[in-house]
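Have a look at the structure below, then the notes.
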Amino acid sequence: MKKTVWIAYDLGVKGDYEGLYSWLDNHGANECGHNIAVLEYDVKQNLIEELQKDIIENVTLSKQDRIYLIWREGGKIKGKFIVGKRKAAPWFGYGAQEPQIDEEVEQHG
Numbered sequence: 004m005k006k007t008v009w010i011a012y013d014l015g016v017k018g019d020y021e022g023l024y025s026w027l028d029n030h031g032a033n034e035c036g037h038n039i040a041v042l043e044y045d046v047k048q049n050l051i052e053e054l055q056k057d058i059i060e061n062v063t064l065s066k067q068d069r070i071y072l073i074w075r076e077g078g079k080i081k082g083k084f085i086v087g088k089r090k091a092a093p094w095f096g097y098g099a100q101e102p103q104i105d106e107e108v109e110q111h112g
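Using the working numbering, the first residue of the sequence shown is number 4, and each one after it goes up by one.
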């Protein structure tokens with residue numbers, strides 16, 4: 004079954020962009036802005052496991068590399084890092100947010 008997925012990637016300065024770009028090109032991906040691509044991926048049973056394995060086998064990755072997968076499932080949009088993890092947002096602290104007040108928790112006992 005074919006699934007439409009979006010891939011956001013951050014391979015840093017020294018990343019294997021040639022390997023990733025070859026993988027994206029081989030899967031008929033379309034560019035969607037800076038470091039984002041959309042493609043139809045042929046899934047047999049498990050989208051995340053199959054796509055993650057496919058990328059890892061074809062792209063040389065380092066500990067700092069990150070790839071985020073976005074897909075639709077059951078009418079909902081889902082997302083997950085398939086390589087790497089979330090880090091602090093560069094825009095944190097720029098907004099005009101109310102300071103959070105710690106709530107007191109009443110302890111019984």
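By construction, the Cβ of each residue, glycine as well, lies at the ideal position given by its N, Cα and C atoms.
Predicted, not measured: the structure shown is a model, and the values here were computed from it.
- Taking 8 Å as the cut-off, the Cβ atoms of Trp9 and Asn61 do not count as close.
- Less than 8 Å separates the beta-carbon of Gly15 from that of Asp68.
- DSSP places Asn49 in the coil class of the three-state scheme, outside both helix and strand.
- Secondary structure in the segment 19 to 81: the alpha helix (DSSP H) runs of 4 residues or longer, each lying completely within the stretch, are 20 to 29, 50 to 61 in chain order.
- Contact between Ile51 and Leu72 holds, with the beta-carbon distance rounding to 7 Å and staying under 8 Å.
- A Cβ-Cβ contact shorter than 8 Å links Val46 with Met4.
- Note on geometry: alpha-carbon atoms of Lys81 and Arg75 lie some 6 Å from one another.
- Boundaries of the beta strand (DSSP E) harbouring Val8: 5 to 13, taken from the DSSP string.
- Val16 carries a coil assignment under DSSP once its states are collapsed to helix, strand and coil.
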